[in-house]
């Protein structure tokens with residue numbers, strides 16, 4: 022194929038510039054008082070739903086399992102983050118970062134504890150057992166009022182989630198999962214999705230990679246949970262029920278199982294939709310449910326399929342189109 | 214004496230779970246589908262009962278309407294959503310089932326509101342006393358109806374030609390088709406039977422817990438489903454056994470004063486059974502062929 026081939030350092034420079042520009046632009050817009058409070062809230066919400074969807078996409082889309090307990094990991098992260106911030110161990114940005122990391126790590130530990138037994142099963146059984154674990158986490162939170170505030174919930178959580186914090190987490194999450202998927206580990210995960218028995222017979226430790234995917238997914242779900250706590254300032258266990266897991270799954274499925282771009286677009290569209298259809302708000306969930314059924318019947322791969330966006334490829338296409346005559350057979354470059 | 218009363222109590226609860234679990238188990242046995250919307254069929258049954266009674270129908274007619282309503286709903290569901298997905302990957306069908314459950318819950322909320330609605334099904338009141346123990350009529354009727362339904366189901370599955378076809382389809386769909394069995398209509402029939410049992414279960418459930426909300430089916434369905442898994446999903450005696458086991462478990466957990474942990478205990482049982490014996494108490498372990 023006659024590709025222009027942008028060199029890897031140049032790709033990194035382009036991507037980094039775009040990311041910094043996006044963060045700066047978003048920061049100026051959200052801090053400049055140009056948006057209403059509701060619009061600001063939606064932007065923050067979109068952020069943590071992107072993290073939740075992208076992290077669920079790892080086991081659901083790439084690994085090919087169907088965990089139904091994502092809200093459980095989110096709950097663990099939310100409570101750990103909230104308790105960390107309330108305790109005031111650190112101050113300033115140290116506290117924010119510390120809380121997020123603590124939330125992620127504890128969630129990841131839960132992910133491993135749950136993943137090791139759960140991943141012995143597959144398909145429907147895995148879906149049910151993760152559902153069971155997710156509900157168990159909620160029951161535990163409800164019944165430990167001395168730590169978590171029980172059914173009344175946890176209040177007066179410092180509101181640490183602003184645009185900068187949330188979207189830096191979004192970018193870190195997308196970047197880490199993207200890099201995992203482009204690495205040897207990612208190929209092992211995709212191989213497990215395509216044929217587990219064949220993968221195992223190639224000498225790949227399938228259990229290790231499944232648990233790893235689960236733990237990474239739980240880590241970012243935990244971070245998203247902490248951001249959620251830092252946005253609302255109040256947590257109640259019923260926020261993290263089965264419906265929350267289904268909402269996240271819906272984003273991933275509508276976007277396309279196995280497409281990070283799909284998860285991101287899905288999160289943006291489904292989360293910001295209430296803003297544009299205020300009059301239809303009572304029909305919103307009905308429309309979502311119908312969409313879910315119709316997508317499964319007519320386009321089971323989701324709206325984006327497994328297509329993944331790459332800035333480098335887009336630039337190559339545009340560049341290759343205008344400058345095809347100048348250069349012949351650019352260096353083959355598969356690093357993106 | 215308290216023990217006997219609790220025992221009957223557990224039997225009543227268990228027979229409701231068993232009736233609902235049968236629907237899950239039969240459908241799973243035949244097309245390997247976790248019908249997430251099965252619990253919501255019960256919720257719809259509750260609203261049908263409210264309207265039938267409010268419209269002044271005789272209670273017996275209302276009960277028949279509930280059973281017919283549940284059956285019709287399941288057939289529509291199967292025809293519109295599951296039939297087009299017969300050859301789709303199982304994960305797609307599972308997601309569709311979740312979608313239908315969500316759709317039914319939200320439609321109910323739109324039409325009837327989220328407010329809990331009381332439902333009063335006229336049932337014979339009073340009780341009989343055996344020694345020092347008094348047993349309320351609804352308890353006896355519930356257990357009796359459940360046992361009768363299961364006997365009838367057993368007859369349909371084991372004694373009729375339709376039942377034979379059902380067993381054949383669940384054993385090997387393609388071979389059954391080659392033998393001239395209309396697989397699609399057998400699957401629809403299975404859905405219908407499961408939903409009719411859910412309709413009966415709905416009546417018995419709302420006699421005991423007389424409040425209908427749009428999400429009442431979610432937790433009930435989940436627990437009945439756990440009962441089906443516990444007994445061995447796909448197995449009819451397993452579903453009955455699992456239903457009674459979950460009923461007893463809940464009553465015991467409540468009786469020792471841990472009522473806040475009831476749901477947790479049920480989920481714990483699910484996790485343990487899936488880890489120790491995923492095929493359930495009476496199910497056959499599945500061997501994976503390469």
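Residue numbers (the numbering used here), protein chains in the order written: chain A, 22 to 357; chain B, 214 to 503. Glycine included, each C-beta is placed from N, C-alpha and C at the ideal position.
Identity of the residue in B:385, B:361 and B:283 nearest residue 405 (chain B) by Cα: B:283
When DSSP builds the beta bridges, which residues end up paired with residue 349 (chain B)? B:340
Ordered list of alpha helix (DSSP H) runs contained in the region 87-175 of chain A, each at least 4 residues: 91-108, 113-139, 144-163 and 166-169
Give a yes or no on whether the C-beta atoms belonging to residue 209 (chain A) and residue 74 (chain A) are separated by under 8 Å. no
Would you list the residues sitting across from residue 330 (chain B) in a DSSP beta bridge? B:425
Within 8 Å, strictly: CB atoms of residue 309 (chain A) and residue 95 (chain A): no
Would you call the region 261-278 of chain A and the region 73-92 of chain A in contact, with 3 or more CB pairs under 8 Å? yes
With DSSP run on the structure shown, which of helix, strand or coil describes residue 256 (chain A)? strand
Quick one: which residues of the region 437-456 of chain B get their C-beta closer than 9 Å to a C-beta of chain A? List them in chain order. 438, 439, 442 and 446
Can you give me the C-alpha to C-alpha distance between residue 341 (chain B) and residue 409 (chain B), rounded to a whole angstrom? 30 Å
Neighbourhood of residue 452 (chain B) by C-beta distance below 6 Å, restricted to the same chain and skipping five residues each side: 234, 235, 238, 441 and 444
Beta carbons nearer than 9 Å to chain A: which residues of the region 306-320 of chain B have them? 306, 307, 308, 309, 311, 312, 313, 314, 315, 316, 317, 318, 319 and 320
Roughly how many angstroms separate the alpha carbons of residue 295 (chain B) and residue 386 (chain B), rounded to a whole number? 16 Å
List, in order along the chain, the chain B residues whose C-beta lies closer than 7 Å to that of residue 303 (chain A)? 323
How about residue 334 (chain B) and residue 420 (chain B): are their beta carbons less than 8 Å apart? yes
Backbone CA spacing between residue 242 (chain B) and residue 383 (chain B) [nearest angstrom]: 6 Å
Just tell me which of A:214, A:207 and A:87 has its CA closest to the CA of residue 145 (chain A). A:87
Beta-carbon spacing of residue 132 (chain A), residue 245 (chain A) below 8 Å: no
By the 9 Å beta-carbon criterion, what residues does the region 279-297 of chain A contribute toward chain B? none
Cβ of residue 289 (chain B) less than 8 Å from any chain A Cβ? no
Taking the continuous alpha helix (DSSP H) assigned at residue 309 (chain A), which residues delimit it? 305-319
Listing by chain order, which chain A residues have their CB less than 7 Å from the CB of residue 491 (chain B)? 142 and 146
Check this for me: beta carbons of residue 93 (chain A) and residue 184 (chain A), under 8 Å apart or not? no
Between residue 417 (chain B) and the rest of its own chain, which residues show a CB-CB distance below 6 Å, the 5 nearest in sequence each way excluded? 229 and 355
Of the residues A:293, A:300, A:325 and A:298, which one's Cα is nearest the Cα of residue 66 (chain A)? A:293
Kindly give me the distance between the Cβ atoms of residue 42 (chain A) and residue 121 (chain A), rounded to whole angstroms, as I take these residues to be in contact under 8 Å. With 8 Å as the limit, residue 42 (chain A) and residue 121 (chain A) do not qualify as a contact, their Cβ atoms being about 24 Å apart.
I'd like the list of long-range same chain contacts for residue 242 (chain A), defined as Cβ closer than 7 Å, with 5 residues on each side in sequence excluded. 73, 76, 91, 94, 95, 98 and 128
In angstroms, rounded to a whole number, what distance separates the CA positions of residue 60 (chain A) and residue 181 (chain A)? 18 Å
Apart from the five residues just before and just after residue 436 (chain B), which ones in its own chain have a Cβ nearer than 7 Å to its Cβ? 230, 459 and 479
Note down, in chain order, all residues in the region 153-187 of chain A with a beta-carbon under 8 Å from any beta-carbon belonging to chain B. 153, 154, 156, 157, 160, 161, 163 and 164
Can you list the residues of chain B that residue 317 (chain A) reaches, using a CB-CB cut of under 8 Å? 298, 301, 305, 306, 308, 309 and 312
Rank A:118, A:150 and A:173 by C-alpha distance to the C-alpha of residue 186 (chain A) and give the top, closest one. A:118
For residue 476 (chain B), go through chain A and note every residue whose CB falls closer than 8 Å to its CB, in chain order. 156 and 160
Give the single residue among B:266, B:232, B:302 and B:414 whose Cα lies nearest to the Cα of residue 85 (chain A). B:302
Using 8 Å as the cut-off, can you tell me whether the region 321-331 of chain A makes contact with the region 277-284 of chain A, which would need three or more C-beta pairs spanning the two stretches below that distance? yes
Between the alpha carbons of residue 204 (chain A) and residue 32 (chain A), how many angstroms are there, rounded? 17 Å
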